[in-house]
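A short write-up of the structure that comes next.
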Amino acid sequence: MESGCIFCKIIAGEIPAEKVYEDDEILAFRDIQPAAPTHVLLIPKAHIPTVDDLEAGQDELIGRILRTAAVVARQEGLEAGYRLVTNCGRGAGQEVFHLHVHLLGGRPFGWPPG
Ligand code: AMP
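Going left to right, the sequence shown walks through residues 2 to 115 as the working numbering numbers them.
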């Protein structure tokens, strides 16, 4: 738990969130400002600020986060497809420095992304 980290506070139950999945290592909850009909954030419970901070020992955790995204996508009925996004660093639009994967679905998506 990193003091001052909003996602650590959600994990600790200090800030409410609409959880859609939880296990020992991973939490998934709905984004407070959804950018699509389904917008879920998947986070490790460990405080890892960005993709740049990942260590080799966390490879399995990241794999599990991606597989969990697929489980949640199925739960949400996103058969038509979905997009997974991880912003790394302010230049890419990262605002919360606790690693997260956005799961977006329920509308068409353009490419390249904005
Ligand atoms: P990023 O810009 O990639 O760091 O994404 C951060 C995301 O966290 C944004 O989509 C915010 O809407 C979302 N967010 C911030 N605070 C909360 C919160 N308390 N509950 C749910 N989502 C949040």
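Backbone N, C-alpha and C define an ideal beta-carbon position, used for all residues, glycine too.
Secondary structure at I27: strand, using DSSP grouped into helix, strand and coil.
Relative to ligand 1, even the nearest heavy atom lies 7 Å or more away from the CB of D53.
Under DSSP, V86 takes part in a beta bridge, and its partners are H103. T39: member of the beta strand (DSSP E) spanning 39–45, first to last residue. In this structure, DSSP gives V97 a state outside helix and strand, which the three-state scheme calls coil. For the pair of segments examined, the segment 28–47 was found not to touch the segment 88–95: the number of CB pairs separated by less than 8 Å stays below three.
Taking C-alpha positions only, L105 is separated from R75 by approximately 12 Å. The criterion of a C-beta distance shorter than 8 Å is satisfied by L100 and T51. Listed in chain order, the non-local C-beta contacts of K10 below 7 Å within the same chain comprise I16, local neighbours out to five positions each way being set aside. Annotation for H48: M2, E3, C6, C9, H99 place their beta carbon closer than 7 Å to its own, counting only its chain and skipping 5 residues before and after.
For D60, the enclosing alpha helix (DSSP H) stretches over residues 60–76.
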